[in-house]
Structures are given as structure tokens and as C-alpha cells.
Amino acid sequence: MSSLSTIRSLQRGIAILQAVNHLNGTKPSEIAEETGIPRPSVYRLLETLAEMGLVTRDHFSNKWRPTLHVKSLSSGFRDEDWVCDIAVPHMIEMGRRVLWPLDLVTFRNHHMEVRESTHQLSPYSINHGMVGKKLPVLETSSGRVMLAFMPEDERRSLLTYLGEVTGVQEPFMMADGSLDMILKRVREMGVGFRMADFTPETGSISAPIWYEDRVFACVTLIWSTTSLKFPRAVELYRKDLLETAARISHDLVGNLSNGEIARLRAAV
1 MSSLSTIRSL QRGIAILQAV NHLNGTKPSE IAEETGIPRP SVYRLLETLA
51 EMGLVTRDHF SNKWRPTLHV KSLSSGFRDE DWVCDIAVPH MIEMGRRVLW
101 PLDLVTFRNH HMEVRESTHQ LSPYSINHGM VGKKLPVLET SSGRVMLAFM
151 PEDERRSLLT YLGEVTGVQE PFMMADGSLD MILKRVREMG VGFRMADFTP
201 ETGSISAPIW YEDRVFACVT LIWSTTSLKF PRAVELYRKD LLETAARISH
251 DLVGNLSNGE IARLRAAV
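Take 1 as the starting number for the sequence shown in the UniProt record's numbering and just add one per residue.
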């Protein structure tokens with residue numbers, strides 16, 4: 001086998017593992033459609049991944065799922081310690097109360113990125129494999145709350161860049177109104193919000209996590225729009241979400257190493 005075909009097999013194997021993780025219970029035909037990999041190759045690579053203990057098949061439904069052994073792939077990876085040690089326990093605590101999933105989101109390389117999530121713990125989650133997913137700034141509740149509370153000069157610079165990248169000229173008009181009016185309302189509410197755009201089957205609100213005078217992350221609550229309307233979701237969860245973010249912000253003080261602080265500041 002040539003080195004080129006070996007690399008291609010590796011690429012396909014990783015793509016299939018990502019699809020199984022993202023879809024969380026899926027058939028080979030669905031994996032083939034998701035990845036663009038021919039179905040015979042999907043079957044062969046699934047069997048290889050199963051031999052490695054990374055996926056398993058439900059023989060009744062013929063659906064494939066990731067196994068616990070997948071976690072071994074990240075055992076040598078250390079993200080900022082504050083994510084696991086400080087933020088996640090508060091997210092799990094709130095998730096148990098509200099049942100809807102929560103994401104921890106940070107700004108990185110001009111997009112929002114999901115750093116941790118409780119989707120796997122929520123009985124109402126419709127999205128799996130969210131960790132590591134990159135999200136747009138303007139259309140998401142996390143991006144909007146970051147923009148709303150960002151220093152004016154940094155916000156102007158970022159919006160100029162986003163305008164160049166997207167080809168959309170200011171003033172930005174979103175599906176749920178002008179960006180200026182959206183950010184004004186975010187400041188009034190204290191949370192970012194998303195009522196339309198991006199993923200219409202879900203809505204979300206996002207509260208800022210502060211370190212000193214800067215927003216370094218956001219904790220986002222996601223719900224199904226068929227089950228809950230926006231005004232009711234805000235009424236039920238806005239205060240709880242803000243309090244959860246405030247507890248995380250409080251616990252950051254005095255618990256970050258100099259290296260972690262430097263990484264956090266560099267990310268903004």
C-alpha cells in the first residue's frame with residue numbers, strides 16, 4: 001500500500017469516527033452520506049474501529065456508537081485547567097436543574113468555539129459532538145454577548161474584519177433585527193440571545209464569564225423552539241444562567257496560573 005493511500009485511509013477513518021461521535025447512533029448509510037465515503041469503505045473502517053474498541057454496533061438497530069474508550073484519544077490533551085476544574089461543575093449543576101444542555105464557548109481565531117458541553121448529559125439535547133465545533137460570531141448568542149461587552153475599539157476592529165470575511169457591509173442586518181439594536185438589547189438583558197438565524201430549530205441565551213474587566217468565555221443554554229418560546233425561556237432561565245456565569249467568574253479569581261491567564265488574554 002502506498003503512503004498516499006495509507007494517509008487517505010487514516011483520513012477516512014478519522015472522518016468516520018467523528019461522524020459516529022457527532023451523530024451518536026447512526027447507520028453506515030447515514031455515515032456514508034455524512035462523510036461522502038463509499039459505503040463499502042465505511043463498513044470496512046467501522047469494523048477496524050470496532051476491533052480497536054473505539055466504536056460498537058447495536059445488533060438490533062444496526063446503529064454504531066462511540067465507546068468509552070474514545071476518551072483515551074484525549075487522555076494526553078490538557079486544555080486550560082479552568083475549563084474542567086471551575087466551569088464544568090457549575091454547568092453540570094445547572095444542567096441537572098434545567099435539563100436543557102449548556103455549552104461553554106470562547107472566542108478564538110475570529111469565531112466562537114465550543115470548549116465544553118453538557119449535551120451528552122441532557123435528555124433534551126438534539127446535538128451531540130458539540131465540543132470543538134466552530135460557530136459564527138454575529139449569529140450566535142455567545143458571539144453577541146461577547147460583542148456587546150467588548151471594548152468599543154476592539155468591537156469596531158472585529159466587526160470590520162468580519163465584514164471583510166463575510167462580504168456583508170455595515171450596518172449588519174440579521175434575521176432578528178439590526179446588529180446595533182440586538183447588542184443594545186443584550187446589554188439591557190445582560191445575556192446574548194438567538195431567536196432566528198443559524199439553527200432555527202433551537203434558541204439560546206448566553207451569559208458572559210468575566211475575568212477582571214474582560215469577557216473571556218460564555219455559558220450558553222440551548223432549547224428546542226418547538227417546546228419553548230423565546231420569552232418563556234428567558235423568563236425561566238435568564239437569572240439562573242447569569243448566576244451560574246457569575247459563580248464561574250468568581251471562582252476564576254485566584255485560581256488561575258500565570259500561564260492560564262496569559263492564554264486567556266491571548267484568546268481575546
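Quick reminder that beta carbons are idealized off the backbone N, C-alpha and C, glycines included. Since we're looking at a predicted model, the values are computed, not measured.
Proximity below 7 Å, CB of residue i to CB of residue j
i	j	result
residue 142	residue 189	no
residue 116	residue 98	no
residue 218	residue 131	no
residue 208	residue 149	yes
residue 230	residue 195	yes
residue 28	residue 44	no
residue 183	residue 242	no
residue 36	residue 63	no
residue 127	residue 119	yes
Coil, strand or helix - residue i by DSSP
i	result
residue 77	Low confidence applies here, because residue 77 scores a pLDDT of 46, under 50, leaving its location unreliable and the question unanswered by this model.
residue 278	Shown here, the chain extends from 1 to 268; a query on residue 278 therefore has no answer.
residue 110	coil
residue 139	coil
residue 216	strand
residue 176	coil
residue 230	helix
residue 161	helix
residue 249	helix
residue 268	Because residue 268 carries a pLDDT of 49, less than 50, the predicted location of this residue cannot be relied on, and the following value inherits that uncertainty. Reduced to three states, the DSSP call for residue 268 is coil.
residue 202	strand
residue 182	helix
residue 124	coil
residue 101	coil
residue 132	coil
residue 244	helix
residue 151	coil
residue 188	helix
residue 208	strand
residue 170	coil
Cβ distance (whole Å) where residue i is taken to contact residue j below 8 Å
i	j	result
residue 244	residue 90	5 Å
residue 7	residue 19	Incorrect: roughly 19 Å between the Cβ atoms, too far for contact.
residue 179	residue 138	6 Å
residue 94	residue 251	With a Cβ gap of about 14 Å, residue 94 and residue 251 do not count as contacting.
residue 356	residue 17	What is shown of the chain runs 1 to 268, which leaves residue 356 out entirely.
residue 191	residue 238	6 Å
Near the ligand FAD: residue i beta-carbon under 6 Å from a heavy atom
i	result
residue 53	This structure simply doesn't include the ligand FAD, nor any ligand for that matter.
At a cut of 8 Å, does the segment 221–232 reach the segment 203–212 through at least three beta carbon pairs? yes
Suppose only complete runs of 4+ residues qualify. What are the alpha helix (DSSP H) ranges in the segment 29–57, listed by chain order? Look at the segment 29–57 and you find these whole runs of alpha helix (DSSP H), each 4 residues long or longer: 39–51.
Contact between the segment 166–175 and the segment 98–107 (3+ Cβ pairs under 8 Å): No, they do not touch.
May I ask you to verify whether the segment 42–51 touches the segment 10–24, counting CB pairs closer than 8 Å and requiring at least 3? yes
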